[in-house]
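Notes follow once the structure below has been shown.
Protein chains: 2
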Amino acid sequence: MSLTWPDQLEFELGELAPALADPVLNSMNFLNEIAGRYPGAISLAAGRPAEHTFDVGAIERHVQRFCRYLREERGWDEARVCRLLFQYGRTKGIITELIARNLELDEQLSVDHEAIVVTVGCQEAMYLVLRALRADPSDVLFTVAPTYVGLTGAARLAELPVWPVEGGADGIDLADLTSKLGQARSAGLRPRALYVMPDFANPSGLSMSLAHRRRLLEVAAGENLLLLEDNPYGLFPQELSDRQPTLKALDQRRQVVYLGSFAKSALPGARVGYLVADQVVRDRNGNAGLFADELAKVKSMLTVNTSPISQAVVAGKLLEHDGSLIPATAADRGVYRDNLRRVLAGLQRRFPDGAHGVRANAPAGGFFVVVTVPFPVDDALLERSAADYGVLWTPMHHFYDAGQAVNSLRLSCSVVTAEQIELGLDRLAALIHDRLEEAG
Amino acid sequence: MSLTWPDQLEFELGELAPALADPVLNSMNFLNEIAGRYPGAISLAAGRPAEHTFDVGAIERHVQRFCRYLREERGWDEARVCRLLFQYGRTKGIITELIARNLELDEQLSVDHEAIVVTVGCQEAMYLVLRALRADPSDVLFTVAPTYVGLTGAARLAELPVWPVEGGADGIDLADLTSKLGQARSAGLRPRALYVMPDFANPSGLSMSLAHRRRLLEVAAGENLLLLEDNPYGLFPQELSDRQPTLKALDQRRQVVYLGSFAKSALPGARVGYLVADQVVRDRNGNAGLFADELAKVKSMLTVNTSPISQAVVAGKLLEHDGSLIPATAADRGVYRDNLRRVLAGLQRRFPDGAHGVRANAPAGGFFVVVTVPFPVDDALLERSAADYGVLWTPMHHFYDAGQAVNSLRLSCSVVTAEQIELGLDRLAALIHDRLEEAG
Numbered sequence: 000m001s002l003t004w005p006d007q008l009e010f011e012l013g014e015l016a017p018a019l020a021d022p023v024l025n026s027m028n029f030l031n032e033i034a035g036r037y038p039g040a041i042s043l044a045a046g047r048p049a050e051h052t053f054d055v056g057a058i059e060r061h062v063q064r065f066c067r068y069l070r071e072e073r074g075w076d077e078a079r080v081c082r083l084l085f086q087y088g089r090t091k092g093i094i095t096e097l098i099a100r101n102l103e104l105d106e107q108l109s110v111d112h113e114a115i116v117v118t119v120g121c122q123e124a125m126y127l128v129l130r131a132l133r134a135d136p137s138d139v140l141f142t143v144a145p146t147y148v149g150l151t152g153a154a155r156l157a158e159l160p161v162w163p164v165e166g167g168a169d170g171i172d173l174a175d176l177t178s179k180l181g182q183a184r185s186a187g188l189r190p191r192a193l194y195v196m197p198d199f200a201n202p203s204g205l206s207m208s209l210a211h212r213r214r215l216l217e218v219a220a221g222e223n224l225l226l227l228e229d230n231p232y233g234l235f236p237q238e239l240s241d242r243q244p245t246l247k248a249l250d251q252r253r254q255v256v257y258l259g260s261f262a263k264s265a266l267p268g269a270r271v272g273y274l275v276a277d278q279v280v281r282d283r284n285g286n287a288g289l290f291a292d293e294l295a296k297v298k299s300m301l302t303v304n305t306s307p308i309s310q311a312v313v314a315g316k317l318l319e320h321d322g323s324l325i326p327a328t329a330a331d332r333g334v335y336r337d338n339l340r341r342v343l344a345g346l347q348r349r350f351p352d353g354a355h356g357v358r359a360n361a362p363a364g365g366f367f368v369v370v371t372v373p374f375p376v377d378d379a380l381l382e383r384s385a386a387d388y389g390v391l392w393t394p395m396h397h398f399y400d401a402g403q404a405v406n407s408l409r410l411s412c413s414v415v416t417a418e419q420i421e422l423g424l425d426r427l428a429a430l431i432h433d434r435l436e437e438a439g
Numbered sequence: 000m001s002l003t004w005p006d007q008l009e010f011e012l013g014e015l016a017p018a019l020a021d022p023v024l025n026s027m028n029f030l031n032e033i034a035g036r037y038p039g040a041i042s043l044a045a046g047r048p049a050e051h052t053f054d055v056g057a058i059e060r061h062v063q064r065f066c067r068y069l070r071e072e073r074g075w076d077e078a079r080v081c082r083l084l085f086q087y088g089r090t091k092g093i094i095t096e097l098i099a100r101n102l103e104l105d106e107q108l109s110v111d112h113e114a115i116v117v118t119v120g121c122q123e124a125m126y127l128v129l130r131a132l133r134a135d136p137s138d139v140l141f142t143v144a145p146t147y148v149g150l151t152g153a154a155r156l157a158e159l160p161v162w163p164v165e166g167g168a169d170g171i172d173l174a175d176l177t178s179k180l181g182q183a184r185s186a187g188l189r190p191r192a193l194y195v196m197p198d199f200a201n202p203s204g205l206s207m208s209l210a211h212r213r214r215l216l217e218v219a220a221g222e223n224l225l226l227l228e229d230n231p232y233g234l235f236p237q238e239l240s241d242r243q244p245t246l247k248a249l250d251q252r253r254q255v256v257y258l259g260s261f262a263k264s265a266l267p268g269a270r271v272g273y274l275v276a277d278q279v280v281r282d283r284n285g286n287a288g289l290f291a292d293e294l295a296k297v298k299s300m301l302t303v304n305t306s307p308i309s310q311a312v313v314a315g316k317l318l319e320h321d322g323s324l325i326p327a328t329a330a331d332r333g334v335y336r337d338n339l340r341r342v343l344a345g346l347q348r349r350f351p352d353g354a355h356g357v358r359a360n361a362p363a364g365g366f367f368v369v370v371t372v373p374f375p376v377d378d379a380l381l382e383r384s385a386a387d388y389g390v391l392w393t394p395m396h397h398f399y400d401a402g403q404a405v406n407s408l409r410l411s412c413s414v415v416t417a418e419q420i421e422l423g424l425d426r427l428a429a430l431i432h433d434r435l436e437e438a439g
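If you read the protein sequences in the order shown, they are chains Z and H.
Counting in numbering that gives the first Met the number 0, the first sequence runs from 0 upward without gaps.
Counting in numbering that gives the first Met the number 0, the second sequence runs from 0 upward without gaps.
Structural data, given as structure tokens:
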């Protein structure tokens with residue numbers, strides 16, 4: 000298709016929202032574009048969930064299971080069932096009660112279902128919260144660096160500046176958090192929230208200990224700081240017995256907005272996530288409502304409501320497993336655990352005890368491993384890796400907001416076979432050795 | 000649930016995004032809340048589509064039809080089909096080629112499918128465009144007054160001020176448009192776009208003639224003004240032979256972004272809409288891309304991608320009818336036509352030739368009729384109508400942005416039976432007569 004015509008309306012990119020020219024919004028495009036150009040390369044870059052459970056027939060089975068629940072457990076007639084699935088519906092969603100029950104069972108988290116808003120994936124949940132919190136240009140958001148690109152991108156769209164806080168080995172450096180909050184307030188800025196992923200974070204792979212979660216909640220209480228807890232990987236520890244309570248389950252002060260996803264625990268294609276926002280919001284007359292209701296107002300102007308058909312698919316999967324996704328994800332958990340162990344063992348074998356200055360971290364679960372190397376890892380190196388070595392991974396600088404050089408890369412191990420892992424690590428090791436030799 | 004606790008984090012509404020306290024975002028809540036409080040009242044307020052075609056079995060049939068298309072017409076294997084429906088996917092959508100074919104068949108509109116972005120309903124399409132166009136505080140949006148509340152609400156969230164343009168009998172008063180554009184520019188503001196619904200507009204019911212569409216395109220060309228054409232009701236004229244070409248079909252200058260919806264033509268529950276944005280965007284180096292690709296970047300940070308399961312349901316319905324929704328909507332069209340005629344005839348019978356100063360307009364299709372009365376129609380009158388007369392309708396002031404008194408109300412005739420229409424009009428007539436008597 001030709002892209003030049005005489006006398007046509009055109010835009011300059013600079014005339015559009017500044018976020019569109021921002022590196023953060025172009026990061027994902029760049030990484031997808033490289034993956035598209037080298038389809039034969041082994042991908043240790045993609046953070047997608049495993050595909051072994053995918054089955055078209057499950058859509059019908061799940062929808063029917065949900066309809067049976069409506070008819071038999073709720074006593075609905077067929078017209079009402081049809082209307083629920085096909086018509087416009089409740090902005091906060093039609094499966095909030097089932098989600099509340101799932102949180103009770105899988106996270107020992109008791110929440111009123113009225114505090115839940117079902118969203119178009121967790122991404123919409125993030126945007127709703129950031130958009131609602133952004134009241135004026137003095138508002139700022141805090142995140143642990145490195146941070147999930149989707150969060151930073153949503154903050155860009157909401158025009159909410161992001162202040163990074165050191166992650167460190169504990170998942171967040173609380174002294175740095177306190178210091179940065181003080182700096183922001185001294186500069187006349189208003190810290191609105193801190194975004195954290197306490198379990199097997201993307202991209203760092205790190206988790207917070209129970210003691211550190213408690214300390215974080217204490218600091219947040221002292222600072223009256225809202226915490227945004229994102230938990231897409233919580234069901235995927237290496238050992239189920241190692242699971243930690245979420246911040247929201249420990250929260251005594253309604254200090255935490257919980258961001259939930261069914262993309263990894265049920266299926267990505269439904270695009271169903273949710274948020275729990277039980278904070279009280281008072282209007283000028285002192286009338287109290289829930290933060291969830293304010294977020295639903297934002298949603299009504301963004302997407303109106305999440306597809307009830309998609310919600311029915313997720314609800315059917317929940318019902319099929321009596322509301323809990325822990326047994327339902329046993330096979331996935333096995334795949335992720337075996338892959339993670341294979342990647343960690345494979346790195347240890349190829350670079351024993353930090354040989355050549357190459358070290359991996361040791362995530363207790365999740366999809367990601369971070370490898371630190373003794374040279375900056377830039378996009379040119381990724382391009383070379385794809386073209387000359389046939390392996391894809393993600394330069395960690397994409398997860399830092401400052402544009403600085405970063406000496407590390409992220410490996411994903413969620414959608415690869417054992418053979419792909421070994422071959423991918425061989426290729427990565429060859430690249431690293433060649434790069435080290437060139438440096439002399 | 001109690002809403003007061005000691006030592007809990009709370010917000011003041013005034014600390015959140017100003018849009019949340021805006022009457023526009025609370026309009027829909029208020030109207031839904033009234034409907035919820037008077038479930039026994041006849042609703043001439045709801046703009047939802049008719050429900051006679053709803054059938055849970057259709058979900059499976061449509062999904063299977065789409066899968067068959069992928070296997071048989073595209074030659075895909077089962078793993079690829081499963082991955083498309085279940086995995087994360089293309090931000091611009093997986094059914095853009097089928098939508099392009101539908102536009103060719105039903106609207107004689109030829110567009111490259113790369114210029115299409117599938118969205119979570121038309122609401123997301125609106126927000127994507129407004130968010131991308133809002134670069135700085137000098138940007139303003141023009142709309143025809145009265146305007147769909149969802150558009151005004153999306154503009155509030157995007158912090159894009161809305162300048163109303165007179166509608167008049169032609170659908171838009173072009174002299175007023177030119178004058179307002181001049182005023183805005185003189186004030187140092189930058190008009191970004193004009194939002195219009197040329198076919199059976201919500202809420203006015205009005206349509207633009209072919210000649211007036213051409214004049215609007217000429218004016219827009221002269222002003223280098225982007226037009227946002229929203230077309231949810233285009234398939235529902237009283238007579239198919241009366242259909243007019245869309246602005247986008249007449250557009251020679253890529254002057255029009257087309258906003259499409261399947262909520263009324265296929266089913267609301269899929270939450271699938273789309274936009275066509277074939278404008279060229281040039282970056283600082285002169286590289287050209289499509290506006291659709293910039294809008295997809297915004298979408299990647301809002302909802303990532305529209306549920307492929309929802310897209311499959313819509314695609315299956317399109318494929319079942321060889322790509323055209325004109326025959327597929329014949330029964331709906333009959334319902335809407337009969338209801339519209341019955342409402343118009345019923346009003347004429349009860350208030351012949353403007354008796355008592357009560358007049359209806361004469362829409363050529365769509366879901367809505369506007370009734371003008373000789374007194375201001377406020378929310379208190381609606382409340383009284385619901386409580387004492389048992390009929391719901393929509394005060395037109397909700398569709399004007401200025402908070403002024405408005406002497407008219409909107410009647411919807413899309414989800415009512417003939418009996419409900421007659422009884423609803425009897426009740427409305429009783430309310431009007433009583434109100435007139437009180438005024439003396």
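The C-beta atom is built at its ideal place from N, Cα and C for all residues, glycine as well.
| Is the beta carbon of residue 226 of chain H sitting closer than 9 Å to the one on residue 274 of chain H? | For the 9 Å CB-CB criterion, residue 226 of chain H and residue 274 of chain H do not form a contact.
| query | To the nearest angstrom, how far is it from the Cα of residue 351 of chain Z to the Cα of residue 428 of chain Z? | reply | Between the alpha carbons of residue 351 of chain Z and residue 428 of chain Z lies a distance of about 12 Å.
| field | Residue range of the alpha helix (DSSP H) that includes residue 335 of chain Z | value | 329-349 is the extent of the alpha helix (DSSP H) around residue 335 of chain Z.
| field | Every unbroken alpha helix (DSSP H) inside the segment 20-53 of chain H [4 residues or more] | value | Scanning the segment 20-53 of chain H for uninterrupted alpha helix (DSSP H) segments of 4 residues or longer gives 22-36, listed from N- to C-terminal end.
| task | Return the CA-CA distance between residue 424 of chain Z and residue 244 of chain H, expressed in angstroms with no decimal places. | result | Using only the alpha carbons, I get a separation of about 58 Å.
| task | Output yes if chain Z places a C-beta closer than 9 Å to the C-beta of residue 155 of chain H; else output no. | result | By the rule that beta-carbons nearer than 9 Å mark a contact, residue 155 of chain H touches chain Z.
| field | Range covered by the beta strand (DSSP E) that runs through residue 257 of chain H | value | Taken as a continuous stretch (DSSP letters only), the beta strand (DSSP E) holding residue 257 of chain H covers 255-260.
| task | Could you have a look at residue 270 of chain Z and say whether DSSP puts it in helix, strand or coil? | result | Reduced to three states, the DSSP call for residue 270 of chain Z is coil.
| Three-way DSSP call (helix, strand, coil) for residue 168 of chain H in this model | Collapsing the DSSP output to three states places residue 168 of chain H in coil.
| residue 284 of chain Z versus residue 14 of chain H - alpha carbon distance | The straight-line gap from Cα to Cα measures roughly 14 Å.
| task | Kindly say whether residue 394 of chain H, judged by its beta-carbon, lies nearer than 9 Å to any beta-carbon of chain Z. | result | Using a CB distance cut-off of 9 Å, residue 394 of chain H does not count as an interface residue toward chain Z.
| What three-state label does DSSP hand residue 408 of chain H in the structure shown? | Strand, per DSSP.
| request: Establish whether the CB of residue 3 of chain Z and some CB of chain H are separated by less than 9 Å. | output: The pLDDT assigned to residue 3 of chain Z is 48, lower than 50, so where the model puts this residue is not dependable; a value taken from the coordinates is nonetheless given after this. Chain H, which has a Cβ nearer than 9 Å to the Cβ of residue 3 of chain Z, makes this yes.
| query | Got a sec, what are the start and stop residues for the beta strand (DSSP E) residue 288 of chain H sits in? | reply | Note, residue 288 of chain H: beta strand (DSSP E), 287-289.
| With 16 other CB atoms within 10 Å as the buried threshold, where does residue 73 of chain H fall? | It counts as exposed.
| task | Within 10 angstroms of the Cβ of residue 387 of chain Z, are there 16 or more other Cβ atoms? Answer buried if so, exposed if not. | result | Exposed is the call here.
| field | Buried versus exposed call for residue 426 of chain H [16 or more other C-beta atoms within 10 Å across all chains shown] | value | The residue is buried, with at least 16 neighbouring Cβ atoms inside 10 Å.
| query | Between which two residues does the alpha helix (DSSP H) carrying residue 194 of chain Z extend? | reply | Per DSSP, residue 194 of chain Z lies in no alpha helix (DSSP H) segment; the continuous beta strand (DSSP E) that holds it begins and ends at 189-195.
| query | Under a Cβ-count criterion, where at least 16 other Cβ atoms within 10 Å of its own Cβ denotes burial, should residue 135 of chain Z be classed as buried or exposed? | reply | Residue burial annotation: residue 135 of chain Z is exposed, with fewer than 16 other C-beta atoms found within 10 angstroms of its C-beta.
| Would a C-beta distance cut-off of 9 Å place residue 43 of chain Z and residue 420 of chain Z closer than the cut-off? | Judged by beta-carbon spacing, residue 420 of chain Z lies within the 9 Å limit of residue 43 of chain Z, meaning their Cβ atoms are closer than that value.
| field | Neighbourhood of residue 116 of chain H by C-beta, 6 Å cutoff - its chain only, sequence neighbours within 5 removed | value | Excluding residues within five positions, the ones whose Cβ falls inside 6 Å are 91, 274, 291, 294 and 295.
| Residues near residue 202 of chain Z in its chain [Cβ-Cβ closer than 6 Å; skip 5 each side] | If we look at residue 202 of chain Z and ignore the five residues flanking it on each side, its Cβ neighbours are 145, 367, 398 and 409.
| Closest Cα partner of residue 336 of chain Z within the set Z/317, Z/319 and Z/363 | Residue 336 of chain Z has its Cα closest to that of Z/363, out of Z/317, Z/319 and Z/363.
| task | List the residues of chain H whose Cβ lies closer than 9 Å to the Cβ of residue 126 of chain Z, in chain order. | result | By Cβ distance, chain H contributes 300, 301 and 302.
| task | Please name the residue, chosen from H/246, H/219, H/238 and H/84, that lies closest to residue 209 of chain H on a Cα-to-Cα basis. | result | Looking at the Cα atoms, H/246 is the closest of the given residues.
| said: What does the alpha-carbon distance come out to for the pair residue 382 of chain Z and residue 155 of chain H? | reply: Distance between the alpha carbons of residue 382 of chain Z and residue 155 of chain H is about 42 Å.
| query | Near residue 207 of chain Z, which residues of its chain fall below 6 Å by C-beta distance, leaving aside the five closest residues on each side in sequence? | reply | A distance below 6 Å between beta-carbons, with the five flanking residues on each side excluded, links residue 207 of chain Z to the following residues of its chain, in chain order: 170 and 197.
| request: Could you have a look at residue 148 of chain Z and say whether DSSP puts it in helix, strand or coil? | output: The answer is helix: DSSP assigns residue 148 of chain Z an H, G or I state.
| field | Near-chain H residues of the segment 302-327 of chain Z (beta-carbon distance less than 9 Å), N- to C-terminal order | value | Close to chain H, meaning a Cβ-Cβ distance shorter than 9 Å, are the following residues of the segment 302-327 of chain Z: 302, 303, 304, 305, 306, 307, 308, 309, 311 and 312.
| request: Taking 9 Å as the cut-off, decide whether the C-beta atoms of residue 157 of chain H and residue 130 of chain H are in contact. | output: A contact, by the Cβ cut-off of 9 Å.
| task | Would you give the residue range spanned by the alpha helix (DSSP H) that residue 213 of chain H belongs to? | result | Note, residue 213 of chain H: alpha helix (DSSP H), 209-222.
| Nearest to residue 265 of chain Z by CA position, among Z/125, Z/57, Z/66 and Z/41, is which residue? | Out of Z/125, Z/57, Z/66 and Z/41, Z/57 has the C-alpha closest to the C-alpha of residue 265 of chain Z.
| Since residue 152 of chain Z meets chain H, which of its residues come closer than 8 Å, beta carbon to beta carbon? | Neighbourhood of residue 152 of chain Z in chain H, by CB distance below 8 Å: 299 and 300, in chain order.
| request: Let me know the secondary structure DSSP gives residue 90 of chain H once reduced to three states. | output: Here residue 90 of chain H sits in coil by DSSP.
| request: Could you give the DSSP three-state label for residue 431 of chain H: helix, strand or coil? | output: Helix.
| message | Comparing C-alpha positions only, which one of Z/263, Z/89, Z/357 and Z/311 sits nearest to residue 66 of chain Z? | response | It is Z/311 whose Cα lies nearest to the Cα of residue 66 of chain Z.
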